[in-house]
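Residue numbers (the numbering used here), protein chains in the order written: chain L, 2 to 250; chain F, 4 to 268.
Single-structure report; data block below.
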């Protein structure tokens with residue numbers, strides 16, 4: 002039976018697949034980051050004893066592209082509201098929880114695919130996967146990052162009714178989540194304040210899990226990364242569903 | 004006794020102290036074409052939203068096919084179809100996909116979906132365009148698609164909130180023919196709002212006129228004309244609601260513009 006969750010998921014994936022400019026556009030940023038940071042900071046990173054910077058950076062950039070795509074797909078609820086499609090789903094005999102699950106799975110799939118493309122891209126640039134056996138773990142982390150931030154985007158969008166707040170979300174949520182996650186720099190020997198912020202940021206555990214499973218270097222530990230990501234994804238999922246169920250049109 | 008499709012009793016909706024709907028009561032019989040008329044901002048859309056589970060009434064009771072929209076949401080939702088005042092299609096999907104989406108959301112069995120979509124798209128003469136993106140459709144085509152979509156789960160009641168707004172006379176006539184046809188053949192109850200009085204007069208069995216949240220007149224078109232001693236429904240409507248032009252609440256888009264102005268400089 003092709004039910005509501007499936008059709009909601011399918012809608013997101015189809016729309017993504019059809020918007021080729023969006024797909025390509027979304028690859029520009031990670032590519033630029035990989036090239037500029039990767040090769041720009043590479044030599045100094047090496048001299049400081051950090052090893053190969055591309056090796057360190059690539060998992061962070063993969064996480065970044067998933068984060069951005071996931072937040073944007075989540076925020077798309079605002080467009081659905083603006084163009085009236087949200088109403089169509091809300092008067093149907095389908096629970097808001099099902100709509101939320103379908104929407105989150107759809108957005109997560111799309112962002113996950115985006116992450117896969119960035120992995121392939123970084124392999125071309127010189128990134129190499131150290132532990133192929135841990136690849137399923139890396140895929141799990143990518144999917145968890147995608148789920149977490151799609152749900153987060155949807156939760157935020159449930160409380161907004163137009164795009165005014167979008168620059169605010171971009172500058173005060175998405176950017177700090179990315180920059181303060183250890184995606185770009187190692188977490189050893191940081192000032193106490195910064196370290197605290199990073200420890201409170203769920204993406205830090207996502208990036209660390211992804212980096213650990215791809216290259217073998219964990220800052221926290223596999224178990225801690227997994228536990229935090231699972232827990233936070235579940236919590237945000239529940240809060241997001243609750244906020245989504247409160248939408249009135 | 005005849006079955007009642009819709010019962011509204013002492014319906015009230017307050018928005019932060021503003022009473023949009025004020026003790027509204029009416030009944031619609033099964034198989035009836037019911038016109039709900041009123042100037043902009045009179046409370047028509049708010050009433051429809053309460054009848055269709057999108058808003059919770061502040062007070063009063065509603066029965067839709069014998070079920071309460073507040074307590075038996077899903078039963079109520081399964082039993083009606085709706086065409087909203089503003090478009091509610093996904094522009095980035097094809098006509099067929101929009102229909103498929105709706106069928107899945109209304110739990111139409113898999114093996115009946117294709118057949119029903121084909122029949123309905125043929126019915127609104129959009130079958131040839133089924134694989135085109137909705138964003139390439141004209142306003143009239145979108146409306147027709149929305150009507151077809153609203154019928155896919157065989158609803159007992161069809162709500163139409165200003166279904167003919169912005170359509171040319173040809174499309175409008177065509178549309179009312181479809182709807183009256185369905186009403187006759189399927190005994191489907193139709194609850195609609197419109198600003199075109201001749202449309203209301205031609206299509207409806209019964210009319211209720213609402214203004215400032217209160218129902219000010221109810222009956223057949225002939226009855227309303229008689230009670231106001233006017234020869235047309237339009238004159239009767241103006242007699243009852245006055246000639247002053249009404250403002251509707253700003254939509255989110257308008258609010259966004261105002262905000263931008265306010266913050267811009």
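Glycine residues also receive a C-beta, built at the ideal position from the N, C-alpha and C atoms.
Chain L within 8 Å of residue i, Cβ atoms only
| i | result |
| --- | --- |
| residue 272 of chain F | Only positions 4 to 268 of chain F appear in this structure, which leaves residue 272 of chain F out of reach. |
| residue 109 of chain F | yes |
| residue 134 of chain F | no |
| residue 58 of chain F | yes |
| residue 231 of chain F | no |
| residue 223 of chain F | no |
| residue 194 of chain F | no |
| residue 20 of chain F | no |
| residue 238 of chain F | no |
| residue 164 of chain F | no |
| residue 77 of chain F | yes |
Cβ neighbour criterion (16 or more within 10 Å) applied to residue i
| i | result |
| --- | --- |
| residue 25 of chain L | exposed |
| residue 68 of chain F | buried |
| residue 171 of chain F | exposed |
| residue 19 of chain L | exposed |
| residue 149 of chain F | buried |
| residue 8 of chain L | buried |
| residue 13 of chain F | exposed |
| residue 139 of chain F | exposed |
| residue 147 of chain L | buried |
| residue 173 of chain L | exposed |
| residue 245 of chain L | buried |
Cβ-Cβ distance between residue i and residue j below 8 Å
| i | j | result |
| --- | --- | --- |
| residue 170 of chain L | residue 45 of chain L | no |
| residue 227 of chain F | residue 248 of chain F | no |
| residue 63 of chain L | residue 113 of chain L | no |
| residue 198 of chain F | residue 155 of chain F | no |
| residue 8 of chain F | residue 216 of chain F | no |
| residue 99 of chain F | residue 133 of chain F | yes |
| residue 212 of chain F | residue 192 of chain F | no |
| residue 91 of chain F | residue 41 of chain L | no |
| residue 1 of chain F | residue 123 of chain F | Given that chain F is displayed from residue 4 to residue 268, the structure contains no residue 1 of chain F and the question cannot be resolved. |
| residue 198 of chain L | residue 91 of chain L | no |
Selected residue, minimal CA-CA separation from residue i, among the options
| i | options | result |
| --- | --- | --- |
| residue 42 of chain F | F:221, F:196, F:32 | F:196 |
| residue 62 of chain F | F:88, F:30, F:18, F:34 | F:18 |
| residue 97 of chain F | F:89, F:120, F:76 | F:120 |
| residue 144 of chain L | L:55, L:185, L:234 | L:234 |
| residue 112 of chain F | F:157, F:86, F:57, F:90 | F:157 |
| residue 218 of chain L | L:59, L:126, L:79, L:34 | L:59 |
| residue 120 of chain L | L:10, L:236, L:190, L:215 | L:215 |
Residue-level contact to chain F via CB, residue i, 8 Å cutoff
| i | result |
| --- | --- |
| residue 93 of chain L | yes |
| residue 234 of chain L | no |
| residue 196 of chain L | no |
| residue 104 of chain L | no |
| residue 4 of chain L | yes |
| residue 250 of chain L | yes |
| residue 131 of chain L | no |
| residue 247 of chain L | no |
TODO: Residues of the region 31-61 of chain L with a CB closer than 9 Å to any CB of chain F: list them in chain order, please.
DONE: none
Task: Residues within the region 70-86 of chain L neighbouring chain F, beta-carbon criterion of under 9 Å - done: So the list reads 81, 82, 83, 84, 85, 86, given in the order they occur along the chain.
Task: chain L contacts from the region 85-98 of chain F (Cβ-Cβ distance under 8 Å) - done: 85, 87, 89, 90, 91, 92, 93, 94, 95, 96
Task: the region 112-127 of chain F: positions lying closer than 7 Å to chain L by Cβ - done: 113
Task: Positions along the region 16-32 of chain L whose CB lies within less than 9 Å of some CB in chain F - done: Taking 9 Å as the Cβ-Cβ cut-off against chain F, the residues of the region 16-32 of chain L that qualify are 16, 19, 20.
Task: chain L contacts made by the region 45-57 of chain F, where a contact means CB separation under 9 Å - done: 52, 55, 56, 57
Open item on the list: Under 8 Å, CB to CB, which of the residues in the region 173-193 of chain L have a partner in chain F?
Closed with: none
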